[in-house]
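Report on one structure; see the data block that follows.
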Amino acid sequence: MFMYANKTALITGASSGIGEAFAYSLAAQKCNLILVARNETKLEALAKELSAKYNVKTTVIALDLSAIGAPQTLHQEVQKHHLKVDLLINNAGFATYGYFEQVSGERQHEEVMLNVTALVDITHAFMPDLLRNRDGGLINVASTAAFQPDPYMAVYGATKAFVLSFTESLWAENRKRGLKVLALCPGSTETPFFDIVGASEASIGIRETPQTVVKNALRAFEKGRSHIISGRQNYWVAQVSRFFSRQSTLGIVERALRPQNKI
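Just so we're aligned, residue -16 is where the sequence shown starts under my numbering, counting upward by one.
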């Protein structure tokens, strides 16, 4: 059992969606929080509410984690506050949608920097904290998109496949060192994700609430699992590649994600 009370959790992408749901759930269990996202106004409002409601310490760090050097800046800011991170939740990320060559190259570069580079650098920076007392935790948010290539979301699917592989490797490295590691793989979730992607059709399956995803994630985390696919239907969607050839799987996913106004 992982004890959250009086520990400190750092949550990236904490201003909305799954990150915000993690913040509420952990604060309710008396876990102090470091909330990280670009929107300082939202973070401050959330921090104020959680501090008042649950009597926990909340620290806000407003930062664009896709920028070069941002993970190092984040680590320095945490040190300035004389905080030690016990639980790291790498939730920040976004997707792009459409024909690869028609999506902004700059935007897709930013997607890789946030979903992959920042996640790796932040994990590396805080790993000594997580390991220091042999009771730390790491949760990296991947996706059901990690289990097969994703036409029209090619970069997103590739970044999440990286996150899943990277996280499961860390689980194997650290399972006997007192560090719990989990790759969280949600499917379609009721968050601003699809507004950012810019396409409501870029989803497969029934959308879960962020609260349900977080509940499933923490249950799996506490059991010491390497990964969790949130939701029974999402689990079976992720297994498609086990029952069909790669080429057939690609055809199924391409039809499911194809833009409605195909050019």
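Idealized CB from N, CA, C, for every residue including glycine. Here the structure is a predicted model, which means the values were calculated and not measured.
Which one of T172, E151, E205 has the shortest CA to CA distance from Y(-13)?
As a first step, residue -13 must be located in the sequence shown, where it is residue number 4. Nearest of T172, E151, E205 to Y(-13), Cα basis: E205.
Thinking just about the alpha-carbon of each residue, which of E3, E191, P54 is nearest to the one in A30?
As a position in the sequence shown, residue 30 is number 47, starting the count at 1. With distances taken between Cα atoms, A30 lies closest to E3.
Three-state secondary structure assigned by DSSP to E84:
Here residue 84 is taken as the residue at index 101 of the sequence shown, counted from 1. If DSSP states are grouped into helix, strand and coil, E84 belongs with the helices.
For a test of the three-state rule: what should DSSP assign to G52, helix, strand or coil?
Position 69 of the sequence shown, counting from 1, holds the residue named residue 52. Looking at G52 - three-state DSSP - the assignment turns out to be coil, as it is neither helix nor strand.
Excluding the five sequence neighbours on either side, which residues of its own chain have a C-beta within less than 8 Å of the C-beta of A108, listed in chain order?
Start at 1 with the first residue of the sequence shown, and residue 108 comes out as number 125. Here the set comprises P54, Q55, L57, H58.
Considering V68, what are the terminal residues of the beta strand (DSSP E) in which it resides?
Taking the sequence shown and counting its residues from 1, the one referred to as residue 68 is at position 85. Looking at the DSSP string, V68 is not in any beta strand (DSSP E), and its letter there is neither H nor E.
Touching or not, the stretch 85 to 103 and the stretch 5 to 17, by the rule of three or more beta carbon pairs under 8 Å?
no
Unbroken beta strand (DSSP E) run spanning H210, endpoints:
Looking up residue 210 in the sequence shown gives position 227. Per DSSP, H210 belongs to the beta strand (DSSP E) from 210 to 212.
From which residue to which residue does the alpha helix (DSSP H) around L233 run?
Residue numbering aside, residue 233 sits at position 250 when the sequence shown is read from its first letter. Looking at the DSSP string, the run of the alpha helix (DSSP H) that includes L233 is 229 to 240.
Are there 16 or more other CB atoms within 10 angstroms of the CB of E191, so buried, or fewer, so exposed?
Here the question's residue 191 lines up with position 208 in the sequence shown. It counts as buried.
Where in the stretch 102 to 137 do unbroken runs of the beta strand (DSSP E), each at least 3 residues long, occur, reported from the N-terminal end onward?
119 to 124
Check whether F(-10) and L70 have beta carbons under 8 Å apart
Locating residue -10 in the sequence shown gives position 7, where the first residue counts as 1. Locating residue 70 in the sequence shown gives position 87, where the first residue counts as 1. Looking at the sequence itself, residue -10 is Lys, so the reference to Phe does not match. Yes, they are a contact pair.
Using the Cα positions of A129 and S224, report the straight-line distance between them to the nearest angstrom.
Residue numbering aside, residue 129 sits at position 146 when the sequence shown is read from its first letter. Residue numbering aside, residue 224 sits at position 241 when the sequence shown is read from its first letter. Rounded to whole angstroms, A129 to S224 spans 11 Å at the Cα level.
Give me, in chain order, the residues of the same chain whose beta-carbon lies closer than 6 Å to that of W154; leave out the 5 immediate sequence neighbours on both sides.
In the sequence shown, residue 154 corresponds to position 171, counting from 1. Cβ within range, chain order: V164, S209.
Please name the residue or residues paired with I(-6) in a DSSP beta bridge.
For this step, residue -6 is matched to residue 11 along the sequence shown. Answer is L18, I72.
Quick check: what's the CA-CA separation for W219 versus L9?
Translated into the one-based positions of the sequence shown, residue 219 becomes position 236. Translated into the one-based positions of the sequence shown, residue 9 becomes position 26. The straight-line gap from Cα to Cα measures roughly 29 Å.
Of all the options L162, N157, T172, Y139, which has the alpha carbon lying nearest to the alpha carbon of F77?
Within the sequence shown, the letter at position 94 stands for residue 77. Per the Cα distances, Y139.
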